[in-house]
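*Asks:* The structure follows.
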């Protein structure tokens, strides 16, 4: 099992280099604007989902630059691929060909055959790297192809010319739906369904003279699931590739694999019902891996594990966040920036908001219910500064039949959503995709209307000296020993080098950036010692967590002999313990606050199940000592018990209604039975009553029949209303009010079946007037004990209809 290079890992952990490489610093601009483009799903290593380009921030700034038809949305005989962006070009598959467009104009400058005839490959997530474009193909129907490969492979094209260079070997399974990801001279993807494998290939073209070369996999990992690898991508940390499979019936499996050798360093299954169809996020700032998945009761989950030096994920370090929404799901991949995790949720029709989560406590900061997206976040830091709280902008496309674009504005300390919904963007259709941000700030994606879109900023998007100056200002000083994202520093350097000499001269803090970049070659042992010496234990706060975590990760990566050269190892351990204690205090405080925010026990419904379960999961993750500090622990227990009781009552009432009324004939003697059923519903709130289908199927029709019988036989004689007199007023008033109680429990769609439906109101009004009782001006007034038993739950049913705006059509057999 290959270990991460000690010196390189120490330097990488120390600086929190989110490079997803061995810790060494690659030459800048190995490919044209590689650090600035979007060469694969979520962009570039080290800054996944994060751009620095000047994307539009409001509806007033956005405009269509160009669009291209990429498929036929009516026949689904062909579908597009995700776009990738390299330098000044956008690459996309459409109509059997890989196509290369100019970013600025949308002009097609080259194309190459991928299929020989139309083929609807539902999910095709391209990847680019090492000067090549990789296109996943689930079949080979290209007549001119002489490779012999039939299905589930990659075609490799030269990014400049679009000449085919080679293909990869076939992979088992039914399709290739996993994102194609390039890293360190290798390309990775996975195959879908039974027999699916995750595979690694070298990107090098060993035989440039042949376009039909079939490249063998360096290694594969087989999924035990019938789902294989769906939209499951990969993250990199040191020598390790981290990925999951999908599992629609059980739970997803997690792997940590030495990507150079294929040796499995760790593998385990998530809990039952955790189905992951996303790309993990490795955050080198805290040395943790973040895995998003569906959750069996709470909609969505993100589980976070500390990655150890040997590639294992520390199970004892688990932190979990859950959405707390019943019936939800997610295929969105987490994007993390500035200790804030962004996750969309909607998948396969599940309605979910976008969540903003604090990675230090794994608790929800806020959620944006207006955003309905199945994609992952695309974020720009172009406008962030210390003055505006490092404000960023995030972009999502709606996965519904709409033409909405969502722009989410977020900054440090923000606890409420700020979202602008921009209508009229693209053609109205569903979209499960994520947006790619181009170096010039343009937003590029496709949707199910069969079009590729490029929307950009109306204003000037050129990066100026002032922009570079501000970006450098946001980076910590090299002497601060705080977390420094070296990938971000390299991106700033790329922007600086693109300036003219005159503009470069205006960047007065470039020396700071040079000091940061020079840290990659610093002596890690000396650097760790200096960092530990700068720690002040009594004054530590959670703001120091990144500094302590980076130092600790660097220390743990050293050999025993090297660790002996660290003078303040005990101080570092004490600092880490102090930070963890502060983090636990924050977790307990936030959990207490969230429990207190639950509805009162009397206001809970079955719909609160997911929220209560999510809180319980957070409670169970606490150590015993932390649980004792939770002031609202009993309220949580009481809330769980109340929700369970509600669900039990709903199930029992539904069964009782079905048992008693299924096939039963309603007569006047059925009144005690109807009252018994109404009593079984007592205490349930409108939201829960509306979920009991047996009310619509049996109880509401039975009440129609009973109301019609009572009206015809007790309020009428020979087809005419019985006159109300002083002698019969009391008796008729009681009957009329009982009828009103049953009628109030009839669903709106069934009211049309009532005969003489207003007679009870007229009788009640006349009788109450004669008796000088409440109700003479209309309404029910005070009912007798017998009538109250019948009408109380019925009134709740009426409230359920009003509260939820139900207008249920009558779809059952009726007696008329």
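In mature numbering (1 follows the signal peptide of the UniProt record, and there is no 0), the protein residues as written are -29 to -1, 1 to 787.
Each residue gets a CB set at the ideal place from its N, CA and C atoms; glycine is no exception.
For my contact list, residue 697 and residue 741 are in at a C-beta cut-off of 8 Å; report their separation, rounded to the angstrom.
*Replies:* Right, their Cβ atoms sit about 6 Å apart.
*Asks:* Based on Cα-Cα distance, which residue from 306, 296, 364, 387 lies nearest to residue 339?
*Replies:* Closest by alpha carbon: 387.
*Asks:* Tell me, which residues are paired with residue 240 by DSSP?
*Replies:* The partner list for residue 240 (beta bridge, DSSP) reads 224.
*Asks:* Alpha helix (DSSP H) containing residue 679: first to last residue?
*Replies:* Here the alpha helix (DSSP H) through residue 679 covers 671 to 685.
*Asks:* Hey, would you say residue 53 sits closer than 7 Å to residue 104, going by beta carbons?
*Replies:* Not a contact, by the Cβ cut-off of 7 Å.
*Asks:* Using a threshold of 7 Å, state whether the C-beta atoms of residue 112 and residue 87 are closer than that.
*Replies:* Cβ distance < 7 Å, so residue 112 and residue 87 count as in contact.
*Asks:* Looking only at C-alpha atoms, which of 49, 533, 624 sits nearest to residue 421?
*Replies:* Checking every option, the nearest Cα to that of residue 421 belongs to 49.
*Asks:* Shorter than 6 Å, the distance from the beta carbon of residue 652 to the closest heavy atom of the ligand MN, or not?
*Replies:* Annotation note on the ligand MN: not contained in the displayed structure, which lists no ligands.
*Asks:* Identify whether residue 96 lies in helix, strand or coil by the three-state DSSP scheme.
*Replies:* Note: residue 96 maps to coil in three-state DSSP.
*Asks:* Quick check on DSSP: helix, strand or coil for residue 447?
*Replies:* In this structure, residue 447 counts as coil in the three-state DSSP scheme.
*Asks:* Between which two residues does the beta strand (DSSP E) harbouring residue 453 extend?
*Replies:* Neither: residue 453 is in no beta strand (DSSP E) and is coded neither H nor E.
*Asks:* Is the beta carbon of residue 156 sitting closer than 7 Å to the one on residue 139?
*Replies:* Going by C-beta atoms, residue 156 is not nearer than 7 Å to residue 139.
*Asks:* What would DSSP say about residue 418, mapped onto helix, strand or coil?
*Replies:* Of the three classes helix, strand and coil, the one that applies to residue 418 here is strand, per DSSP.
*Asks:* Count the C-beta pairs between the region 170 to 185 and the region 213 to 224 that are closer than 8 Å, then say yes if the count reaches three, no if not.
*Replies:* Touching, no.
*Asks:* Quick check: the region 603 to 620 against the region 635 to 643, are at least 3 beta-carbon pairs closer than 8 Å?
*Replies:* Cβ pair count under 8 Å is below three, so no.
*Asks:* Going by beta-carbon coordinates alone, are residue 168 and residue 160 separated by less than 7 Å?
*Replies:* Contact: no.
*Asks:* Along the chain, where does the beta strand (DSSP E) containing residue 248 start, and where does it finish?
*Replies:* No beta strand (DSSP E) holds residue 248; DSSP gives it neither H nor E.
*Asks:* Would you mind listing the alpha helix (DSSP H) stretches within the region 607 to 658 that are 4+ residues and don't spill past its ends, in chain order?
*Replies:* Entirely contained in the region 607 to 658, the alpha helix (DSSP H) runs reaching 4 residues are, in chain order, 642 to 651.
*Asks:* At what residue ranges does the region 345 to 380 contain a whole run of the beta strand (DSSP E), taking only runs of 3 or more?
*Replies:* List check, beta strand (DSSP E) in window: 349 to 351, 363 to 368.
*Asks:* In whole angstroms, give me the CA-to-CA distance for residue 619 and residue 563.
*Replies:* Approximately 27 Å between the Cα atoms of the pair.
*Asks:* Any idea which residues DSSP pairs residue 270 with across the strands?
*Replies:* DSSP, once it has assigned bridges, lists 266 as partnering residue 270.
*Asks:* Taking residue 172 as the reference, give the member of 89, 182, 125 with the closest Cα.
*Replies:* Per the Cα distances, 125.
*Asks:* Thinking just about the alpha-carbon of each residue, which of 283, 572, 272 is nearest to the one in residue 295?
*Replies:* If we check each option's Cα against that of residue 295, 272 comes out closest.
*Asks:* Exposed or buried, residue 436, counting other C-beta atoms within 10 Å across all chains shown (16 or more means buried)?
*Replies:* Buried, because 16 or more other Cβ atoms sit within 10 Å of the Cβ of residue 436.
*Asks:* Please specify which runs of the alpha helix (DSSP H), each continuous and at least 4 residues long, are wholly inside the region 518 to 564, giving them in chain order.
*Replies:* Taking only runs of at least 4 residues, the alpha helix (DSSP H) segments lying wholly in the region 518 to 564 are 531 to 534.
*Asks:* Using three-state DSSP, classify residue 491 as helix, strand or coil.
*Replies:* Reduced to three states, the DSSP call for residue 491 is helix.
*Asks:* Hey, out of 335, 309, 392, whose CA is closest to residue 341's CA?
*Replies:* Looking at the Cα atoms, 392 is the closest of the given residues.
*Asks:* Please return the same chain residues whose Cβ sits closer than 8 Å to the Cβ of residue 625, not counting the five positions on each side in sequence.
*Replies:* So the qualifying residues of the chain are 663, 664, 665.
*Asks:* Report the option in 630, 373, 466 whose CA atom is closest to the CA atom of residue 419.
*Replies:* Among 630, 373, 466, the Cα nearest to that of residue 419 is on 373.
*Asks:* To the nearest angstrom, how far is it from the Cα of residue 756 to the Cα of residue 709?
*Replies:* The predicted model places residue 756 with a pLDDT of 36, which falls under 50 and marks its position as unreliable; any figure quoted below should be read in that light. Approximately 10 Å, taken between the alpha carbons.
*Asks:* What residue range is occupied by the uninterrupted beta strand (DSSP E) comprising residue 82?
*Replies:* Where residue 82 is concerned, the enclosing beta strand (DSSP E) stretches over 79 to 84.
*Asks:* Out of 282, 240, 28, which has the shortest C-alpha to C-alpha gap to residue 213?
*Replies:* That would be 282, whose Cα lies nearest to the Cα of residue 213.
*Asks:* If you follow the beta strand (DSSP E) that residue 404 is in, where does it begin and where does it stop?
*Replies:* Careful: residue 404 lies outside any beta strand (DSSP E) and carries neither H nor E.
*Asks:* Which residues mark the beginning and the end of the beta strand (DSSP E) in which residue 206 is found?
*Replies:* Here the beta strand (DSSP E) through residue 206 covers 205 to 208.
*Asks:* Could you tell me which residues DSSP puts in a beta bridge with residue 154?
*Replies:* Paired residues: 157.
*Asks:* Would you say residue 380 and residue 364 are within 7 Å of each other, going by their C-beta atoms?
*Replies:* For residue 380 and residue 364, yes; Cβs fall inside 7 Å.
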